[in-house]
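All you need for this note's numbering is the position in the sequence shown, starting with 1, plus 69.
We put the beta carbon where it would ideally sit given N, CA and C, even for glycine.
Beneath this line is the structure, given in structure tokens, with notes to follow.
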Amino acid sequence: MATLAQWAAGARPRTLPNAISPVLVGTGAAVGLGSPRPGLATLALLVAVALVIGVNYANDYSDGVRGTDDDRTGPMRLVGSGAATPAAVRSTALAWLTLAVLVGAALVVLSRQWWLFGVGALCALGAWFYTGGKRPYGYLGLGEVAVFIFFGPVAVLGTAYTQTGRTSTLAVAAAIGVGMASAAVLVANNLRDIDTDGQAGKRTLAVLLGETATRRFYAALVLTPLLLSAATGLCCLPMLLGLLAAPLAVSPVRAVLGGARGQPLIGVLGQTALVLLAWSVGTAVGLALSSVG
């Protein structure tokens, strides 16, 4: 039976910046638009965190029963290591996803943005079918696309819209940046597992692109949000605050472009998540201080 510490590790807390960052940025946009609602922001954060944890447990379950995790370099997996039964991990994943759906429903009702019910349903389905089902899209090279969409534009603009009923040009630019940095976290993960995923038949984007192109793609995903900060800063000076994350990007980008493999890429994943979070904090403050639509 898995220990509490193993269950906590299975939630993969290093990926939580993917949940926190878009809500921070979306709420910063709401402040800039003049009508933030902290209660709704809190609900949006709970939805995002529950979705990320649910995805991580679902990924653990699905990869474990397929044997994809039999020879891993990364953190311990509950099913792959035999620490927990597939049924237990599956139930835990569904519990977190159900929590996300219930809190999301409350968010929609309170915000009265009824069309977001459809968006929420797509998010829940996307979370499960990333590695679940007969043809998981994460095995077809579409994982990064989904992360970009759901944790970028959907999460950022959805957070802003539930609070204000509108968005802004700056919010759209910031949402693109969050999506790209979030996708970079997954690219770092899949670059680490590129050999074992290929052998197991898991055709991630890294496997499809090849190692060299994946390394360049990672660098582009990390650096583009910084370029967006510079570009938006030309019209709204506070948006330059996102550039405070630039020093944090040096080490992971250098490691990836320098050919880091295996165990060192575990550290790169954490560093990438930190870049995402730092950039999002700076950008959220920048949005809050800006009033340009």
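Can you tell me which of the three DSSP states leucine 292 falls into?
helix
How about glycine 221 and serine 180: are their beta carbons less than 8 angstroms apart?
no
Return the chain-ordered list of same chain residues with a C-beta closer than 7 angstroms to the C-beta of glutamate 213, the five sequence neighbours on each side being excluded.
Ala252, Leu255, Val256 and Leu274
On the criterion of 16 or more Cβ atoms from any shown chain inside 10 Å, does glycine 362 qualify as buried, or is it exposed?
Residue placement at glycine 362 is flagged as unreliable, the pLDDT there being 46, under the threshold of 50; the coordinate-derived value follows with that caveat. Label assigned to glycine 362: exposed.
At the level of alpha carbons, what is the spacing between serine 150 and glycine 202?
22 angstroms
Is the stretch 153-169 close to the stretch 120-133, with three or more CB pairs under 8 angstroms?
yes
Taking all protein chains shown into account, do 16 or more other C-beta atoms lie within 10 angstroms of the C-beta of threonine 137, making it buried, or fewer, making it exposed?
buried
Of the choices Val247, Thr84 and Cys304, whose alpha-carbon is the least far from that of threonine 352?
Val247
Where leucine 209 falls: helix, strand or coil (DSSP):
strand
Can you check the stretch 179-267 for any alpha helix (DSSP H) of at least 4 residues that lies completely inside it and give the ranges in chain order?
185-198, 212-218, 224-233 and 238-261
Just the Cα atoms here: how many angstroms apart are serine 237 and alanine 229?
9 angstroms
Unbroken alpha helix (DSSP H) run spanning alanine 119, endpoints:
107-135
Taking the CB atoms as reference points, tell me whether leucine 312 and tyrosine 287 lie closer together than 8 angstroms.
no
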